[in-house]
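The opening position of the sequence shown corresponds to residue 29 in our numbering, with each subsequent residue numbered one higher.
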Amino acid sequence: MAIGGSNVVAVGTANKVGLLVFDAAAGQRVAVTLSNVTISSSVVKLYDTAGTMLASSTVTTAGAFIDAVTLGAAGTYTILVDPNGSATGNMTVAVTNIVDVTGALATNGTPVTVPITTAGQNGRLTFTGTAGQRISTTLTASFGLANRWPLSIVAPDGTVLGSVSEPGIGIQVEILEPITLPVSGTYTVVVNPTGVTTGTVSVSAYDVVDVTGPIVTDGTPVTVPITTPGQRGRFAFTGTAGQRISVKLTAAFGLGSKWPLALLKPDGSILAQAPAVGVGITTEFIDPATLPVTGTYTVLVDPTSVNTGTVTVAAYDLVDVTGPIVTDGTPVSVPITTPGQTGRFTFTGTTGQRISVKLTAAFGLGGKWPLALLKPDGSTLAQVNELGNGITGEFIDPATLPVTGTYTVLVDPTSVNTGTVTISAYDVVDLTGSITVGAPAISVAITTPGQNALYTFAGTAGQVINNVTLTATFGLGGNWTLALLKPDGSTLASSTPLGGGTTTAVIGTQTLPVAGTYTVFINPKTSSTGTVTVSAQ
């Protein structure tokens with residue numbers, strides 16, 4: 029057969045093979061397309077003039093493709109069709125002469141059109157580079173790339189310095205991130221679509237020079253104009269061991285893909301990073317990191333893909349808001365003025381003491397404002413981590429202190445949240461007493477956030493309690509749970525947690541299972557307080 033033509037190979041007998049030959053010149057590049065296949069399974073191999081296999085492909089009835097091969101010598105080449113087992117049938121074999129698309133490429137971002145019109149064809153664009161130069165390369169298509177369109181850069185000696193091979197379905201842009209050229213000379217950017225993929229794309233190369241400069245840690249923003257795909261922003265400051273630094277990136281636009289933000293140590297390794305997905309996001313934040321050594325640190329902005337745009341970065345030297353707090357409910361103001369800043373307020377607690385904590389804001393908390401109670405060893409005894417949208421308060425239900433020592437109330441807003449809130453800590457002592465079945469309702473004043481009320485009565489086995497009722501003159505806020513506890517402390521019955529304007533909770537008829545002391549248990553959730561009445565009939 030001739031290059032540029034096709035033949036049908038028919039294998040009509042089991043355990044037979046098909047052979048085709050063609051003549052080619054030295055250096056000629058050919059690809060082989062296998063179509064119209066009725067052989068259920070086979071292997072097709074391409075041999076050179078000396079009988080050495082150059083390439084092969086497993087073939088099913090869906091067909092197959094042998095990508096372009098450069099032929100080493102002039103002469104006769106052989107294609108072997110070898111059905112598996114006893115398979116028989118036909119296939120069309122086409123041999124195509126491949127001439128790559130070539131041209132020159134400037135490193136100023138000027139796009140060069142690469143028309144891939146023949147399956148197996150590559151694009152090979154050259155540019156002159158100098159040692160130490162950093163080059164990024166992009167491939168852009170007006171259509172959604174199918175299969176893969178690998179993009180690579182090849183050194184003057186033929187070594188592949190880097191490549192990218194993205195799945196192409198729906199993708200229109202690929203980027204080969206900046207590569208530092210090892211020597212001066214002529215480099216080649218290769219576009220090598222896989223399979224039978226064809227289409228016209230454009231390729232651009234960029235001489236990448238990072239945006240650099242100083243940054244101070246007082247929150248002064250620094251502008252970072254990323255104008256070239258693959259470009260980074262690198263801003264340095266002198267830090268001291270033990271210093272705590274947070275970093276914020278802000279964009280006027282919704283960040284596309286990712287704009288990783290990192291804080292690098294003096295040795296160049298990453299101390300902390302915030303690789304947020306950027307769709308619609310306009311801010312990224314590195315939570316405070318403690319500097320391990322004294323030296324020059326770097327804030328790195330390294331947008332992925334072909335992202336460009338102007339953003340600002342700011343670094344903050346953090347000093348937490350600290351002070352004492354008393355457990356009588358006296359509020360303490362916590363001005364969080366710096367992104368990443370925390371409030372830490374201490375009190376002396378004793379073993380067995382029960383402490384609740386409340387945070388209150390005049391504004392709707394944004395993001396999260398975690399509130400925690402820390403033990404003397406710094407570990408967490410209790411915490412709450414509420415979503416903040418529109419919420420103006422958070423509450424830690426009473427926690428029993430395990431040891432005597434210095435405890436800490438911690439306010440640790442996430443992300444870049446700032447604002448002034450107040451916190452209060454309460455020494456919680458539950459209300460106790462007795463209640464008489466059938467007697468008028470008694471008044472119960474819950475005055476401390478987290479306080480419960482436990483009122484007992486003596487019951488006999490089989491005794492019927494018609495109802496237990498809790499009544500408030502106000503709309504109960506949060507949840508107020510009313511329960512009837514058995515002598516062993518387990519719940520015999522309870523009401524649905526109440527709130528949002530409800531003024532009455534009722535436990536219906538109950539038959540007491542054993543004789544003993546029963547408890548009517550009132551448990552306001554969150555920081556709700558108020559006076560209610562309770563009766564058992």
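Cβ atoms here follow ideal geometry from the backbone N, Cα and C, with glycine treated the same way.
{"Item": "Status (buried if at least 16 other CB within 10 Å, exposed otherwise) for V327", "Value": "buried"}
{"Item": "Residue nearest to T432 in terms of C-alpha spacing, selected from P468, G55, T379 and D440", "Value": "T379"}
{"Item": "Endpoints, the beta strand (DSSP E) within which R372 is located", "Value": "G371 to G377"}
{"Item": "Best match in I419, W397 and D425 for proximity to L409 [C-alpha to C-alpha]", "Value": "D425"}
{"Item": "The region 435 to 442 contacting the region 461 to 468, beta-carbon criterion three pairs below 8 angstroms", "Value": "no"}
{"Item": "Continuous beta strand (DSSP E) stretch holding T216: start and end", "Value": "G213 to V219"}
{"Item": "Coarse secondary structure for N112, derived from DSSP in three states", "Value": "coil"}
{"Item": "Cβ contact check for the region 440 to 453 and the region 506 to 517: 3 or more pairs under 8 angstroms", "Value": "no"}
{"Item": "Distance between P253 and T222 (C-alpha atoms, nearest Å)", "Value": "36 angstroms"}
{"Item": "At least three beta-carbon pairs within less than 8 angstroms, the region 473 to 486 to the region 537 to 552", "Value": "yes"}
{"Item": "Buried or exposed by the 16-neighbour rule on C-beta atoms within 10 Å, applied to T66", "Value": "exposed"}
{"Item": "3-residue-minimum beta strand (DSSP E) runs that sit fully inside the region 289 to 335, ordered along the chain", "Value": "289 to 292, 298 to 302, 309 to 318 and 323 to 329"}
{"Item": "Three-state secondary structure assigned by DSSP to A389", "Value": "strand"}
{"Item": "Own chain partners of P352 with C-beta closer than 7 angstroms, once the 5 adjacent residues on each side are dropped", "Value": "F373, T374 and F375"}
{"Item": "The beta strand (DSSP E) enclosing M81, as first and last residue numbers", "Value": "M81 to V87"}
{"Item": "Touch test, the region 333 to 353 against the region 238 to 258, Cβ-Cβ under 8 angstroms, three pairs minimum", "Value": "yes"}
{"Item": "C-beta contact flag for N125 and V49 at 8 angstroms", "Value": "no"}
{"Item": "CB-CB length for L393 against I419, believed under 8 angstroms", "Value": "5 angstroms"}
{"Item": "P139 - DSSP class collapsed to helix/strand/coil", "Value": "coil"}
{"Item": "Proximity of G258 and I203 at Cβ, strictly below 8 angstroms", "Value": "yes"}
{"Item": "Short Cβ contact (8 angstroms threshold) for P288 with F265", "Value": "no"}
{"Item": "Alpha carbon of T530 to alpha carbon of V449, nearest angstrom", "Value": "29 angstroms"}
{"Item": "Proximity to V412 [Cα-Cα], best of S555, D315 and A317", "Value": "S555"}
{"Item": "For G151, the first and last residue of its enclosing beta strand (DSSP E)", "Value": "G151 to G157"}
{"Item": "Selection from V211, K403, D76 and T366 that minimises the alpha carbon distance to R382", "Value": "K403"}
{"Item": "Alpha-carbon to alpha-carbon, T106 and A132", "Value": "36 angstroms"}
{"Item": "Cut-off 6 angstroms between Cβ atoms - residues of its own chain near T278, not counting five sequence neighbours on either side", "Value": "T311 and T340"}
{"Item": "Nearest candidate by alpha-carbon position, reference N150, set K44, G91, T216 and V211", "Value": "T216"}
{"Item": "Spatial distance of F313 from V362 (CA atoms)", "Value": "21 angstroms"}
{"Item": "Close Cβ partners of N494 (< 6 angstroms) along its chain, the five nearest in sequence each way excluded", "Value": "T537 and Q565"}
{"Item": "Cα-Cα separation between G186 and D110, rounded to whole angstroms", "Value": "34 angstroms"}
{"Item": "For Q271, the residue or residues it bridges with in DSSP", "Value": "Q271 is not bridged to any residue."}
{"Item": "Where the beta strand (DSSP E) containing V37 begins and where it ends", "Value": "S34 to V39"}
{"Item": "Nearest neighbour of V360, chosen from A343, T366 and L387 [CA to CA]", "Value": "L387"}
{"Item": "Bounding residues of the beta strand (DSSP E) (the contiguous stretch that carries L47)", "Value": "G46 to A52"}
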